[in-house]
Amino acid sequence: MRNLVVVFCVVAGMTGLGGCGGKASSNKLTLAGSTAFTPVAQKLADAFKAKHAGVTIDIQSVGSGVGIKNVNDGIADVGMADLPEIPEEAKALKAFSVSRDGIAVVVHPSNGVTSLSMEQVAKIFSGEITNWKDVGGADAEITVICRATGSGSRVTFDTLVKIKGKVTRSAQEQSSNGACRGEVAKNPKAISYVTFVQVDASVKALKLGGVDPKIETVKDGKYGIAAIDYLLTKGEPTGLAKEFIDFVMGAEGQKIILDCGLAPVK
Amino acid sequence: MKQDSAIRLILLGLAMSSVAALAVITLFIFREGLPIIFRQGPGSFLFGSDWDPGAEPAAFGIFAMIAGTFAVTGGALLLGVPVGLGSAIFLSEFAPRKVATILKPALELLAGIPSVVFGYIGMLVLSPFIRDHIGGSGASVLAGSAILGIMILPTIISISMDTLRSVPRSYREGSFALGATGWQTTWKVTLPAARSGLVAAVILGMGRAVGETMAVIMVTGNTALVPKSPLSPARTLTANIAMQLNAAVGEHREALFACGVVLFVIIMVLNTFANWVAKLGKRA
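Top to bottom, those sequences are chains A and B. For the first sequence, this note's numbering begins at 105 and goes up steadily by one. For the second sequence, this note's numbering begins at 63 and goes up steadily by one.
If you want it as structure tokens, here you go:
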């Protein structure tokens, strides 16, 4: 359903109906971007609003790519993106890395495999390995499930696992982290990836090259697949945008980020 | 008199507003989507089998999605048409009044269930069932067809019933007078008289299936490959647009609008055909 809303917003925005675009004003802040970072941004915004009476913060969960575009176009004040690095189209923007978000490789809890090397993960998602028995599991065909093209998690995963443009054509695609987890939870032969926050008892997160998927291992850089969460502004942030970013980078903001299951940068 | 013409003007304006909305949408979809089709060539866009916006250079061939759309829709018709037409015939020709008064509201309720609910049930019940008892990964053309087959029932049944009911009573009375049984009358007289409306009902049901998005995304697995069997996953045109528009920029976004153009043309052809068939029946 969210997709439909987004479609509507995009259509409305482009036809100049301007239904969803927020104009920058002194006590209103519009954030747009990463669906993965949205829940965290919501918590940060709530805490920020508690300290600044009369401020409204509008958060639009539209995906990293559209978030960057909206900041460029001046529709949003602050963009949110979870990506492995700052992409070409955002080079002109001012970027603040506020946290790191690990991406866990997940399988069904009944799967005998508990650890994969980075190389094995790459081979599975690029279609070179198609049977669980080749990585120490049961003799069963692997169902590869990935995120839709353009999702921040997909870009991060493909870039860091080094399979950009090589993902197997027979991969199934899901439009959100939750949907990926849901499919893996139902299918004993499936493999997918979701952000750490999304991991729960319905799936099993694998060790990657022997490293546990934990906030600590993301923070010290041992865990290999993690996105950087960026807040982006057009030019130096001013006014409310600057105050908000300062708050996120400060001790209180970073504590909220840690409580949400992300690795703070400080 | 003055009041009359004022009201007529207002009503005309209201009527035109929906046409205007259609015009704006059409213009917009075509303006955004057509350039890339012609830049790339309609042949390679429509029949190219590679869809990979992330690759360099990006590949935009939508044949797998067209095939997916028609596979899922075809399956839905296989299931929905016999059940739908059967129900309509029963309800309008044979059902005792009491049964009809229960079944008709139930069907209207079925039409009111949001598609995401159908998708959710399909995801939790149907696709695991298919995986465990029939085979494959569960997310499949079969799952999509089964869900859509149910979703198009209200469309098919209500239009078919209207058509059957509009067959003049005198036709049936004439048939009975000649000594025909109830079924003979239905088969030899009522159905042939209603034929064009029934075809239109099926075509409109098909249009409904082609356009459905959410329920299909949730059960078909969305693999961008031409499905090899009913148990293979598939991606429809609508699913492709809804899943990727979130993060699409530049050419990728244009290509998604081009998918919209293709969908638009498919639906337009189906509706025009349905109208034409229905009119043909009225003239005969």
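All residues carry an ideal CB built from backbone N, CA and C; glycine is no exception.
* Helix or strand or just coil, what does DSSP make of V331/B? -> Start at 1 with the first residue of the second sequence, and residue 331/B comes out as number 269. Helix.
* Asked: Among D112/B, G116/B and A239/B, which has the Cα closest to the Cα of M127/B?
  -> Within the second sequence, residue 127/B is the residue found at index 65, counting from 1. Closest option to M127/B, Cα to Cα, is D112/B.
* Rounded to a whole number of angstroms, what is the C-alpha to C-alpha distance between K147/A and R70/B? -> Your numbering for residue 147/A matches position 43 in the first sequence. Your numbering for residue 70/B matches position 8 in the second sequence. In this structure, the alpha-carbon of K147/A lies about 54 Å from that of R70/B.
* To do: Express the C-alpha separation of A208/A and A258/A in angstroms, rounding to a whole number.
  => Taking the first sequence and counting its residues from 1, one reaches residue 258/A at position 154. Taking the first sequence and counting its residues from 1, one reaches residue 208/A at position 104. A small correction: the amino acid at residue 258/A is Arg; Ala does not occupy that position in the sequence shown. Using only the alpha carbons, I get a separation of about 12 Å.
* **For I72/B, three-class secondary structure by DSSP** => Locating residue 72/B in the second sequence gives position 10, where the first residue counts as 1. Helix.
* Asked: What are the boundary residues of the beta strand (DSSP E) that includes Y297/A?
  -> Sequence index remark: in the first sequence, residue 297/A carries index 193 (1-based). Residues A294 to T299.
* Report yes or no: do the stretch 278 to 297 of chain B and the stretch 148 to 165 of chain B share at least 3 C-beta pairs separated by less than 8 Å? => No, they do not touch.
* Check the C-beta distance from G52/B over to D262/A and give it rounded, since I have them as a contact under 8 Å. => Nothing can be reported for residue 52/B, as the shown portion of chain B is limited to 63 through 346.
* To do: Pick helix, strand or coil for R273/A, following the three-state DSSP scheme.
  => For the purposes of this step, residue 273/A is taken as residue 169 along the first sequence, with counting starting at 1. Coil.
* 8 Å contact criterion, which P295/B and S202/B should meet: CB distance rounded -> Locating residue 295/B in the second sequence gives position 233, counting from the first residue. Locating residue 202/B in the second sequence gives position 140, counting from the first residue. That belief holds up - the Cβ atoms of P295/B and S202/B are roughly 6 Å apart, short of 8 Å.
* Asked: Is the Cβ of I361/A closer than 7 Å to any Cβ of chain B?
  -> Your numbering for residue 361/A matches position 257 in the first sequence. It does not: the Cβ of I361/A has no partner Cβ on chain B nearer than 7 Å.
* Asked: Closest by CA to F107/B, which one among F319/B, L332/B and T88/B?
  -> In the second sequence, counting from the first residue as 1, residue 107/B sits at position 45. Nearest C-alpha to F107/B: F319/B.
* To do: Report the rounded CA-to-CA distance for M305/B versus S168/A, giving the unit in angstroms.
  => Here the question's residue 305/B lines up with position 243 in the second sequence. Here the question's residue 168/A lines up with position 64 in the first sequence. Going by the C-alpha atoms only, they are around 14 Å apart.
* Would you mind working out which of T247/B, I218/B and I99/B sits nearest S232/B, comparing C-alpha positions? => Walking along the second sequence from the start, residue 232/B turns up at place 170. Ranking the options by Cα distance to S232/B, first place goes to T247/B.
* **CA-to-CA distance, K132/A to A180/A, given in whole angstroms** => Indexing the first sequence from 1 puts residue 180/A at position 76. Indexing the first sequence from 1 puts residue 132/A at position 28. Whole-angstrom Cα-Cα distance: 11 Å.
* **Proximal residues to T282/B (C-beta, below 8 Å), its chain only, five neighbours per side dropped** => By one-based count along the second sequence, residue 282/B stands at place 220. Once the five neighbours on either side are set aside, the close Cβ partners of T282/B are G130, V134, A201, S202, V203, A205, G206, P295, A296, R297, T298 and A301.
* Return the residues of the stretch 266 to 295 of chain A that lie within a Cβ-Cβ distance of less than 8 Å from chain B, sorted by chain order. => Those residues of the stretch 266 to 295 of chain A that come within reach of chain B (Cβ to Cβ, closer than 8 Å) are K268, G269, V271, R273, S274, A275, Q276, E277, Q278, S279, A283, G286, E287, K290, N291, K293 and A294.
* Asked: What number of angstroms, rounded off, separates the C-alpha of V178/B from the C-alpha of A283/A?
  -> In the second sequence, residue 178/B corresponds to position 116, counting from 1. In the first sequence, residue 283/A corresponds to position 179, counting from 1. The alpha-carbon atoms of V178/B and A283/A are separated by roughly 13 Å.
* Asked: Where do the ends of the alpha helix (DSSP H) carrying V145/B lie?
  -> Residue 145/B sits at position 83 when you count from the first residue of the second sequence. From DSSP, the alpha helix (DSSP H) with V145/B extends over F125 to I151.
* At which residues does the alpha helix (DSSP H) containing R231/B begin and terminate? -> To locate residue 231/B, count along the second sequence from 1; it is residue 169. Element bounds for R231/B: R231 to A239.
* If you drop the 5 nearest sequence neighbours on each side, which residues of the same chain put their C-beta closer than 7 Å to that of V229/B? -> Position 167 of the second sequence, counted from the start, is the residue given in the question as residue 229/B. Excluding positions up to five away in sequence, the list reads T252, A255 and A256.
* To do: Count the other C-beta atoms from every protein chain shown that fall within 10 angstroms of the C-beta of K237/A, then say buried if there are 16 or more, exposed otherwise.
  => Stepping through the first sequence from its first residue, residue 237/A is reached at position 133. K237/A is exposed by the Cβ-count criterion.
* Taking the alpha-carbon positions, what's the K326/A to V315/A distance? -> The residue given as residue 326/A occupies position 222 in the first sequence. The residue given as residue 315/A occupies position 211 in the first sequence. Take the alpha-carbon of K326/A and the one of V315/A: they are about 7 Å apart.
* Asked: Enumerated in chain order, which unbroken segments of the beta strand (DSSP E) with a length of 3 residues or greater are wholly contained in the stretch 216 to 287 of chain A?
  -> Runs found: 247 to 251 and 276 to 278.
* Mind listing the chain B neighbours of K173/A? Cutoff is C-beta to C-beta under 7 Å, in chain order. => Taking the first sequence and counting its residues from 1, one reaches residue 173/A at position 69. Near K173/A (Cβ distances below 7 Å), the residues of chain B are V311.
* Evaluate P216/B with the Cβ neighbour count: other Cβ atoms within 10 Å of its Cβ, from every protein chain shown; 16 or more gives buried, anything less gives exposed. => In the second sequence, the residue the question calls residue 216/B occupies position 154. Here P216/B is buried, its C-beta having at least 16 other C-beta atoms within 10 Å.
* Can you find a C-beta in chain A that's less than 7 Å from the C-beta of A201/B? -> One-based indexing of the second sequence puts residue 201/B at position 139. Answer yes: the Cβ-Cβ gap between A201/B and chain A drops below 7 Å somewhere.
* To do: Using a threshold of 7 Å, state whether the C-beta atoms of V248/A and A275/A are closer than that.
  => Position 144 of the first sequence holds residue 248/A. Position 171 of the first sequence holds residue 275/A. Between V248/A and A275/A, the C-beta spacing is below 7 Å.
* **Minimum Cβ-Cβ distance from M305/B to chain A less than 7 Å** => For the purposes of this step, residue 305/B is taken as the residue at position 243 of the second sequence. At least one chain A Cβ lies under 7 Å of M305/B.
* Nearest chain A C-beta to I329/B closer than 7 Å, yes or no? -> The sequence position of residue 329/B within the second sequence is 267, counting from 1. No, I329/B lies away from the interface with chain A (no Cβ there is under 7 Å from its Cβ).
* **Whole-angstrom C-beta distance between G343/A and K198/A, which should lie under 8 Å** => Taking the first residue of the first sequence as 1, we reach residue 198/A at position 94. Taking the first residue of the first sequence as 1, we reach residue 343/A at position 239. So it is not a contact: roughly 14 Å between Cβ atoms.
* Might you give, ordered along the chain, the residues of its own chain that have their beta carbon closer than 6 Å to the beta carbon of A239/B, omitting 5 neighbours on each side? => Here the question's residue 239/B lines up with position 177 in the second sequence. Closer than 6 Å at the Cβ level, and outside the excluded window around A239/B, lies no residue.
* Inter-stretch contact at 8 Å, needing at least 3 Cβ pairs: the stretch 213 to 228 of chain A / the stretch 318 to 325 of chain A -> Output reads no: the stretch 318 to 325 of chain A does not touch the stretch 213 to 228 of chain A.
* At a Cβ cut of 7 Å, what residues of the stretch 268 to 294 of chain B count as close to chain A, listed as they run along the chain? -> Of all residues in the stretch 268 to 294 of chain B, those with a C-beta nearer than 7 Å to a C-beta of chain A are M276, I279, G283, N284, T285, A286 and L287, reading in chain order.
* Indicate the three-state DSSP secondary structure (helix, strand or coil) for T285/B in the structure shown. => Locating residue 285/B in the second sequence gives position 223, where the first residue counts as 1. Three-state result, T285/B: coil.
* Asked: Going along the stretch 241 to 257 of chain A in order, which residues come within less than 7 Å of chain B, judged by CB to CB distance?
  -> Taking 7 Å as the upper bound on Cβ-Cβ separation, chain B lies near residues T247, A252, T253, G254 and S255 of the stretch 241 to 257 of chain A.
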